[in-house]
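J.: So that we are looking at the same thing, I have put the structure below in structure tokens.
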Amino acid sequence: GVPVASVKTLTLGSHGDTMVPVASACSVDGKPLADLMPADRIEELVVRTRNGGAEVVALLKTGSAYYAPSAAAARMAKAIHEDSGAVMPVCAWVDGEYGLSGAYLGVEAELGREGIRKVVETPLTDAEKALLVEAYEAVKAKQADVAGL
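Below is the structure:
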């Protein structure tokens with residue numbers, strides 16, 4: 091095992107089935123994940139990450155996870171309060187980033203006193219980009235459903 095603090099991971103897109111775990115951006119102690127384990131094991135982790143919400147709910151038996159979202163919200167509030175320019179995953183309006191527009195999507199962004207300063211495009215593999223487009227299309231479909239209410 092390794093300390094959690096030495097693991098860098100990233101998910102983009104939406105929450106649930108269309109979540110995009112960006113394996114190409116993952117590292118342990120600064121070493122790319124692809125250098126540490128075979129591709130089939132990485133794919134297993136990607137699938138488990140996508141389905142992890144249900145696993146957490148089953149373990150808690152009292153509802154959904156709240157520790158990670160609470161910690162993330164505190165980190166965001168600190169970055170905004172301190173005007174730090176920290177880059178972290180957030181839900182932001184995409185307006186041309188990744189070639190996508192007109193939806194809120196999980197992406198990395200630089201945060202400061204004004205909130206989101208700018209969306210930061212993480213380099214993606216072609217497969218990761220295709221999955222991000224799928225997530226975007228799922229979000230757009232939900233927006234259309236809500237607009238029709």
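Just so we're aligned, residue 91 is where the sequence shown starts under the numbering used here, counting upward by one.
Cβ atoms here follow ideal geometry from the backbone N, Cα and C, with glycine treated the same way.
So, with DSSP's three-state summary, where would you put MET109?
T.: Your numbering for residue 109 matches position 19 in the sequence shown. For MET109, the secondary structure class from DSSP, reduced to helix, strand or coil, is coil.
J.: Inspect the beta-carbon positions of MET109 and ARG131 and report whether they are closer than 7 angstroms.
T.: Within the sequence shown, the letter at position 19 stands for residue 109. Within the sequence shown, the letter at position 41 stands for residue 131. Against a cut-off of 7 angstroms, the Cβ pair of ARG131 and MET109 comes out as no contact.
J.: If the criterion is Cβ atoms closer than 7 angstroms, does the pair GLU218 and VAL118 meet it?
T.: Position 128 of the sequence shown, counting from 1, holds the residue named residue 218. Position 28 of the sequence shown, counting from 1, holds the residue named residue 118. Result no, Cβ atoms of GLU218 and VAL118 do not sit closer than 7 angstroms.
J.: Would you list the one or two residues that DSSP bridges to MET166?
T.: Counting from 1 along the sequence shown, the entry for residue 166 is found at position 76. DSSP, once it has assigned bridges, lists no residue as partnering MET166.
J.: For SER174, I'd like the list of residues in its chain whose CB is within less than 8 angstroms of its CB, leaving aside the five on either flank, ordered along the chain.
T.: Residue 174 sits at position 84 when you count from the first residue of the sequence shown. LYS168, LEU201 and GLY202.
J.: Bridge partners for GLU200 per DSSP, in chain order?
T.: As a working mapping, residue 200 is identified with position 110 in the sequence shown. BP columns for GLU200 point to VAL177 and LYS208.
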